[in-house]
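Enquirer: Numbering (the working numbering), first residue to last: 179 to 502. Even glycine gets a Cβ: it sits at the ideal position worked out from N, Cα and C.
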């Protein structure tokens, strides 16, 4: 009798639909592949089950979690920072590259190649403590806006990727950023923007020194690049810092190819995801010929390696977190 009453009660309870974990994704094959993978590795009854301790997911930042056009946002910060420093000491603009950067002449800087870029980064990212540098980044993020979208830079995060990060953590994944961007730069905003704490951010880092200022120990940023977290450097840094091969990796350019290749080459269930920038109306469309976020190997080899190639124009119903 109790069973019959319980059955009758259940029959009167309305069915509750499960919330869509990725509401800013369209009902595409890409979305379904991601959900199927996450369902499989998080279900103890599934033969593909992976214990939570091994559910490691790594993501590039520029072009994967937030935008990267017309140039990496950190470099725009570097030019703005250099202009501010030059107001206090004009003599620091001692080369054509530094003068061009302070004037916002991006074309001249890019024509100067790698050496010009490093020169600007060294001049704008060194000579202060880590705390002072990060305070300047926070101030810049709070006051600066993108020249084309007029959005604050930290609102140009991709809403579909923010949802993906949250979804993975809800399913007991540990999420990391592994980016060519600066370690100290990303640590300023990543926890608030993505829910990823500073200790789970791997990036390029410059030389630092341990000093004492008025009896107080400080870590100062010095000129020079200690490690570039790009291309083959990404899996090397993951192995060195995390100590486990991820089972999920997301990127958008050939700078991420080695990270996805290494991730998906391991034993057991694994997934690589590449964001293909195809939306010229809501964002930018670029791949093979772009000097920023160039994508060739991923397009040519990724499908045969089982990677999900996300078509931004068709797979995302929304782009930026800060705009509908």
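What number of angstroms, rounded off, separates the C-alpha of residue 180 from the C-alpha of residue 227?
Expert: For this step, residue 180 is matched to residue 2 along the chain shown. For this step, residue 227 is matched to residue 49 along the chain shown. No answer about residue 180 holds up, because its pLDDT of 40 lies below 50 and its placement is not dependable.
Enquirer: Let's see if you can read the secondary structure: which residues bound the alpha helix (DSSP H) around residue 395?
Expert: Here residue 395 refers to the residue found at position 217 of the chain shown. Unbroken run through residue 395 is the beta strand (DSSP E), 394-405; no alpha helix (DSSP H).
Enquirer: Just grab the DSSP bridge partners of residue 354 for me.
Expert: Locating residue 354 in the chain shown gives position 176, counting from the first residue. 236.
Enquirer: Count the other CB atoms within 10 Å of the CB of residue 443; is the residue buried (16 or more) or exposed (fewer)?
Expert: For the purposes of this step, residue 443 is identified with residue 265 of the chain shown, where counting begins at 1. Classification for residue 443: exposed.
Enquirer: Since residue 338 and residue 202 are thought to touch, with beta carbons under 8 Å apart, how far apart are those beta carbons, to the nearest angstrom?
Expert: Here residue 338 refers to the residue found at position 160 of the chain shown. Here residue 202 refers to the residue found at position 24 of the chain shown. Yes, they are in contact, since the Cβ atoms of residue 338 and residue 202 sit about 4 Å apart, within 8 Å.
Enquirer: So what does residue 307 bridge to, in DSSP terms?
Expert: As a working mapping, residue 307 is identified with position 129 in the chain shown. Answer is 398, bridged to residue 307.
Enquirer: Ignoring anything shorter than 4 residues or poking outside the segment 242-286, list the alpha helix (DSSP H) runs there in chain order.
Expert: Whole alpha helix (DSSP H) segments, 4+ residues: 251-266 and 274-280.
Enquirer: So, does the segment 386-396 touch the segment 415-433, judging by three or more C-beta pairs under 8 Å?
Expert: Touching, no.
Enquirer: Is DSSP giving residue 324 helix, strand or coil here?
Expert: Mapped onto the chain shown, residue 324 falls at position 146. In the structure shown, residue 324 sits in coil (DSSP, three-state: anything other than H, G, I, E or B).
Enquirer: Since residue 372 is in the alpha helix (DSSP H), which residue starts that stretch and which ends it?
Expert: Mapped onto the chain shown, residue 372 falls at position 194. Where residue 372 is concerned, the enclosing alpha helix (DSSP H) stretches over 361-372.
Enquirer: Find the nearest neighbour of residue 266 within the set 366, 280 and 274, judged by alpha-carbon distance.
Expert: As a first step, residue 266 is located in the chain shown; it is residue number 88 there, counting from the start. Checked all of 366, 280 and 274; the closest Cα to residue 266 is 280.
Enquirer: Let me confirm a value: residue 321 is counted as buried when at least 16 other C-beta atoms fall within 10 Å, else exposed. Which label applies?
Expert: What you label residue 321 is simply residue 143 of the chain shown in a count that begins at 1. With fewer than 16 Cβ atoms within 10 Å of its Cβ, residue 321 is classed as exposed.
Enquirer: With DSSP collapsed to three states, give me the class of residue 189.
Expert: Taking the first residue of the chain shown as 1, we reach residue 189 at position 11. Its pLDDT being 45, under 50, residue 189 is placed unreliably by the model, and the measurement read from it follows with that caveat. Three-state result, residue 189: helix.
Enquirer: I'd like to check one pair, residue 471 with residue 309: are the Cβ atoms closer than 7 Å?
Expert: Walking along the chain shown from the start, residue 309 turns up at place 131. Walking along the chain shown from the start, residue 471 turns up at place 293. Not in contact: residue 309 and residue 471 (Cβ atoms no closer than 7 Å).
Enquirer: Quick test of your reading: residue 232 and residue 425, contact by CB under 8 Å. State the CB separation rounded to the nearest angstrom.
Expert: Numbered from 1 along the chain shown, position 54 holds the residue referred to as residue 232. Numbered from 1 along the chain shown, position 247 holds the residue referred to as residue 425. About 7 Å; that satisfies the 8 Å criterion.
Enquirer: Report yes if the CB atom of residue 454 is closer than 7 Å to the CB atom of residue 432, and no otherwise.
Expert: On the chain shown, residue 454 is found 276 positions in, with the first residue counted as 1. On the chain shown, residue 432 is found 254 positions in, with the first residue counted as 1. Taking 7 Å as the Cβ cut-off, residue 454 and residue 432 do not qualify as a contacting pair.
Enquirer: For residue 227, which of helix, strand or coil comes out of DSSP?
Expert: What you label residue 227 is simply residue 49 of the chain shown in a count that begins at 1. In the structure shown, residue 227 sits in coil (DSSP, three-state: anything other than H, G, I, E or B).
Enquirer: Any contact between the segment 401-411 and the segment 347-363? By contact I mean 3 or more CB pairs, one from each, below 8 Å.
Expert: The segment 401-411 vs the segment 347-363: in contact.
Enquirer: Determine the direct distance from the alpha carbon of residue 315 to that of residue 395, and round the result to whole angstroms.
Expert: Working through the chain shown from its first residue, we reach residue 395 at position 217. Working through the chain shown from its first residue, we reach residue 315 at position 137. Taking the straight line joining both Cα atoms gives about 22 Å.
Enquirer: Evaluate the contact criterion for the segment 245-264 versus the segment 365-379: three or more CB pairs, one atom per stretch, below 8 Å.
Expert: The answer is no - the segment 365-379 does not touch the segment 245-264, with fewer than three Cβ pairs under 8 Å.
Enquirer: Could you tell me whether the Cβ atoms of residue 401 and residue 304 are closer together than 7 Å?
Expert: Taking the chain shown and counting its residues from 1, the one referred to as residue 401 is at position 223. Taking the chain shown and counting its residues from 1, the one referred to as residue 304 is at position 126. Yes, the Cβ-Cβ distance between residue 401 and residue 304 is below 7 Å.
Enquirer: Considering residue 489, what are the terminal residues of the beta strand (DSSP E) in which it resides?
Expert: Within the chain shown, residue 489 is the residue found at index 311, counting from 1. It spans 486-489 - the beta strand (DSSP E) in which residue 489 sits, taken as one unbroken run.
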